[in-house]
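Numbering (my numbering), first residue to last: 39 to 678. Glycine residues also receive a C-beta, built at the ideal position from the N, C-alpha and C atoms. Every value quoted in this text rests on a predicted model; they were computed, and no experiment measured them. A short worksheet on the structure shown next.
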């Protein structure tokens, strides 16, 4: 009887293992090269012992294979080779189809007993690889974990979050119990605790800006640029081996309207050090929780490298020098821009002091710095024979990586947009009541439109694999970021000075203000949301704009939902404490110095909006506050 049961168990196990193993994928001519198999089916199958224990279970192994490819030509562009002309030879058609394997592989899931080790499987595929003359590898195998294992980093993060939650609960209680006591009469301890009030911080998060109508446009710019960042990452961070019919993407690369996605590198914003570091540490800590909440066939390829980078190189991000490291060694990829921005912030302190004391000398110095940095970008682009922007459409991984490492992540590359923001802040302070004639206003808007459209769509020829000469390439690389920032700078200046018209009304939409206040945490956390989604997919995703829009909306909604509690736990209290310690508390012109909603006066709570400006207007208490309006590196960095 036991032998019959053993036979049934063996038959069921082997049938399940076979069923969970990948089959040849349909749609090969459309670029479909992956079949995931049954990931969960494989991990859940067990072969029981007679006493009821598990003798062994299913093990899911990822198999990658591709033909042995020659070195990728330096000028290779997948977008240019997207199709064969009617008069092209069959040999060229085969070359075009085979060229896809420069950046893609066949990907299959194989289910085997857990008795087989990863080394055993790798030895088997090596023999097969030598026989068929293909590059076949097994990068990872998965076995279902019996129990969740908490590491010291998990315990540390949980402890910190528990402490923050306790402070927020106590702060909310203190805020409620303080009743109608004027804020100035509260003890320092109560003022500190009120900074953590969940009720007060949530009210300030959700309310529209109470400052000048024109200043509300800054909220809109922040929110929309963050949306652009996530849109770009939704398209670019996707693993094309996860897709059904990915060849469609190459057709998109050749379309002019797709430049908005391909050139979404134009969009991030700066923040102050004291509010920047703790949320960054929290994000790094949360990254280590991802293996506890999800898994998937592509987890090893999308999420595991991020965890390894944070394990080995977390200190690069904390010291704000990660933009000088290799891309693969950056802990939480988007933080490279925080490093570049912080370095510019430190350097700019001296320049701001000169600008504050000697405006003409300061402006001349800024122009000189921008000119030198632009020349450096152009020279490096020419010397390394690089494209002017990151050419995702080329499929040339070597050229893409060189562009990122040599130019894109470096501090000097973003000096132009950064200092355009500094100059803009100076002009908004000096000429905040300026009257602009209708003719000049129209000319300004026309020039702004031309500059922005040129920066976004000017790279189209390069993106479709038909580049201009090296001289024009270098000039475009050197100038397009700064010209885009100038174009956006006019939008900001016009809105702040009351000449924004319908644009100002759109950017001042009250719903954008809460999103604007969340942008920093959104910027940090949206990466984790996208990585978990891509790493945990169990089936191919058909590549269409509708599906990508669905992914995009899902990424935004999920990120915002995750961001709100962490904003209330950490970022809002930190911004309140920073303002409480370093700024002089002043009552606003239209309100008494008594407590307001959430207990903190608006000129303290205002720091939570990320601008660092007083409610009454743009005049800063110190020259360093000019950095509060330098958020004009709005185009070139969103897709890192």
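Quick check on the burial criterion: 16 or more other C-beta atoms within 10 angstroms. Buried or exposed for residue i?
i, result
"residue 54", "buried"
"residue 235", "buried"
"residue 435", "exposed"
"residue 620", "exposed"
"residue 165", "exposed"
"residue 185", "exposed"
"residue 371", "buried"
"residue 607", "buried"
"residue 709", "There is no way to answer for residue 709, as the model of the chain reaches only from 39 to 678."
"residue 221", "buried"
"residue 242", "buried"
"residue 437", "buried"
"residue 584", "exposed"
"residue 586", "buried"
"residue 271", "buried"
"residue 244", "exposed"
"residue 282", "buried"
"residue 339", "buried"
"residue 493", "buried"
According to DSSP, is residue i part of a helix, a strand, or is it coil?
i, result
"residue 98", "strand"
"residue 538", "coil"
"residue 73", "strand"
"residue 185", "coil"
"residue 358", "coil"
"residue 85", "strand"
"residue 157", "helix"
"residue 172", "strand"
"residue 63", "coil"
"residue 93", "strand"
"residue 144", "strand"
"residue 103", "strand"
"residue 421", "helix"
"residue 602", "helix"
"residue 396", "coil"
"residue 150", "strand"
"residue 245", "coil"
"residue 177", "strand"
"residue 580", "strand"
Take residue i as the anchor and find which of the options has the nearest alpha-carbon.
i, options, result
"residue 445", "515, 400, 150 and 80", "515"
"residue 343", "474, 268 and 325", "325"
"residue 77", "96, 84, 62 and 65", "96"
"residue 206", "72, 220 and 230", "230"
"residue 385", "439, 176, 204 and 453", "453"
"residue 579", "72, 596 and 422", "72"
"residue 151", "85, 199, 173 and 196", "85"
"residue 332", "180, 602 and 388", "180"
"residue 552", "535, 175, 258 and 585", "258"
"residue 375", "320, 314 and 389", "314"
"residue 109", "93, 140, 98 and 197", "140"
"residue 153", "357, 159, 94 and 617", "94"
"residue 159", "399, 468 and 178", "178"
"residue 612", "316, 90, 263 and 89", "316"
"residue 392", "381, 404, 91 and 617", "404"
"residue 103", "498, 466, 616 and 175", "175"
Quick one: residues in its chain with C-beta nearer than 8 angstroms to the C-beta of residue i, no 5 flanking neighbours on either side, listed in chain order?
i, result
"residue 538", "252, 255, 529, 532 and 545"
"residue 62", "73"
"residue 147", "58, 59, 60, 73, 74, 75, 76, 77, 80, 98, 99, 100, 101 and 335"
"residue 70", "63, 64, 281, 282, 283, 284 and 578"
Counting only the same chain and skipping the five closest in sequence on each side, list residues whose C-beta sits under 6 angstroms from that of residue i.
i, result
"residue 79", "58"
"residue 351", "367 and 369"
"residue 556", "601 and 605"
"residue 365", "442"
Who are the near neighbours of residue i in its chain, counting only those whose CB is closer than 7 angstroms to its CB and skipping five residues on each side?
i, result
"residue 336", "277, 280, 572, 573 and 575"
"residue 373", "318, 355 and 360"
"residue 412", "454, 516, 517 and 520"
"residue 489", "521, 522, 524 and 525"
"residue 240", "606"
Does the beta carbon of residue i fall short of 8 angstroms from some heavy atom of the ligand FMN?
i, result
"residue 102", "With respect to small molecules bound, the structure shown includes none, and the ligand FMN cannot be examined in it."
Does the beta carbon of residue i sit closer than 9 angstroms to a beta carbon anywhere in chain C?
i, result
"residue 537", "Absent from the structure is chain C; it holds one protein chain and no more."
Does the contact criterion of 3 or more C-beta pairs under 8 angstroms hold for the region 510 to 528 versus the region 476 to 491? Between the region 510 to 528 and the region 476 to 491, the count of C-beta pairs closer than 8 angstroms reaches three or more; the two stretches touch.
With three or more beta-carbon pairs closer than 8 angstroms as the criterion, would you say the region 219 to 235 touches the region 202 to 211? A contact exists between the region 219 to 235 and the region 202 to 211.
Contact between the region 438 to 456 and the region 504 to 514 (3+ Cβ pairs under 8 angstroms): The answer is no - the region 504 to 514 does not touch the region 438 to 456, with fewer than three Cβ pairs under 8 angstroms.
Across the region 500 to 508 and the region 417 to 426, are there enough close Cβ pairs to call them in contact, namely three or more that are closer than 8 angstroms? Of all C-beta pairs linking the region 500 to 508 to the region 417 to 426, three or more are shorter than 8 angstroms, placing the two stretches in contact.
Check whether the region 551 to 569 touches the region 596 to 612, taking contact to mean three or more Cβ pairs, one atom from each stretch, closer than 8 angstroms. Yes, the region 551 to 569 is in contact with the region 596 to 612.
Can we say the region 490 to 505 touches the region 465 to 478, given the rule of at least three CB pairs closer than 8 angstroms? Because the criterion of three Cβ pairs below 8 angstroms is not met, the region 490 to 505 and the region 465 to 478 do not touch.
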